[in-house]
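Structure first, commentary second.
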């Protein structure tokens, strides 16, 4: 089947699903549309009709647009449309045969014209120009090649953009000095996955190369809501790289699920936030009687100097 249908075996179900969901949202008129229910109805319909070898069931943009333009308000239009279609096929087939395809196409174009939202291109340009790349690529591929390949091109470009954004999390660093102890505070603004793990390690090492005499690296993880095994192993690599430079690593304010992931990899890597001040005072800061670390980690204030 794959050799006969080619990529159509993937794109046809995809286009059908997109079409039925788009039809529902386009004509919902403010009502909430559950895409899951739409896809479930589509699947059940095709399951039942498969026993009698008809054409596959799909949402019809053209018929829905014509009904909307005609002022239809209820689902009874489906029954009326079905009756009219059967009568036309039974009684007017010979007459309809001579209607030019251009005439039928003009009816469809006239009904669908109002659904083309030209202003959306301007909105995309003003809000985020990056979104124009998959939009234009999909439009050009559909226009000059085939619909199924155009959709696959758009999906592929969107996946590449998402992978790039996930692989490059927002990172910021702040250097703090406390009782002659130079601390590099690293903030991460999103969750980490395998594709962003190496980026974090390289970024921290580059920050250390640009600074001198850093003795402690503190990673604030309160924005990290998920981390996989690769990320956990990468934290071990960071700790080992810092150890070769004689720099301590401190992980702070990590959520419980992320903390458990790190604990399972290496228990000594993670320091509980409640024990932060004590651990730092006992084993990290030499010659300092005690200090406090603000909850926001924006500054470090010494209480006394030894």
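In UniProt numbering, the protein residues as written are 1 to 306. Where is the CB? At the ideal position from N, CA and C, for every residue including glycine.
Query, Result
"Collapsed DSSP secondary structure at residue 55 in the structure displayed", "coil"
"Inter-stretch contact at 8 Å, needing at least 3 Cβ pairs: the segment 214-233 / the segment 189-200", "yes"
"N- and C-terminal bounds of the beta strand (DSSP E) containing residue 227", "Segment: none, residue 227 is in no beta strand (DSSP E) and carries neither H nor E."
"Buried or exposed (CB count within 10 angstroms, at least 16 for buried), residue 75", "exposed"
"Contact under 8 Å by Cβ, residue 181 with residue 175", "no"
"C-beta atoms of residue 247 and residue 215 nearer than 8 Å", "yes"
"Cβ-Cβ separation, residue 219 to residue 252 (assumed contact under 8 Å), whole Å", "7 Å"
"Rounded straight-line distance, which links the Cα of residue 15 to that of residue 84", "27 Å"
"Three-state class that DSSP yields for residue 148 in the structure shown", "helix"
"Whole-angstrom distance between residue 138 and residue 145, CA atom to CA atom", "10 Å"
"Reduced DSSP category for residue 34 - H, G, I as helix; E, B as strand; rest coil", "coil"
"Whole-angstrom distance between residue 40 and residue 64, CA atom to CA atom", "19 Å"
"Distance CB(residue 47)-CB(residue 20) smaller than 8 Å", "no"
"Selection from 152, 222 and 217 that minimises the alpha carbon distance to residue 239", "217"
"C-beta contact flag for residue 234 and residue 259 at 8 Å", "no"
"First and last residue of the uninterrupted alpha helix (DSSP H) at residue 119", "119-127"
"Local Cβ density within 10 Å of residue 262, reported as buried at 16 or more and exposed below that", "buried"
"DSSP state of residue 187 mapped onto helix, strand, coil", "strand"
"Anticipated Cβ contact below 8 Å, residue 152 with residue 11, distance rounded", "6 Å"
"Same chain, Cβ closer than 8 Å to residue 201, five either side skipped, listed in chain order", "234, 237, 238 and 241"
"Expected contact under 8 Å - CB spacing of residue 186 and residue 171 to nearest Å", "7 Å"
"Candidates 154, 116 and 142: closest to residue 130 by CA position", "154"
"Burial state of residue 116 (16 or more Cβ within 10 Å)", "exposed"
"Member of 221, 122 and 44 whose CA lies at the smallest distance from the CA of residue 173", "221"
"Distance, residue 142 Cα to residue 150 Cα", "5 Å"
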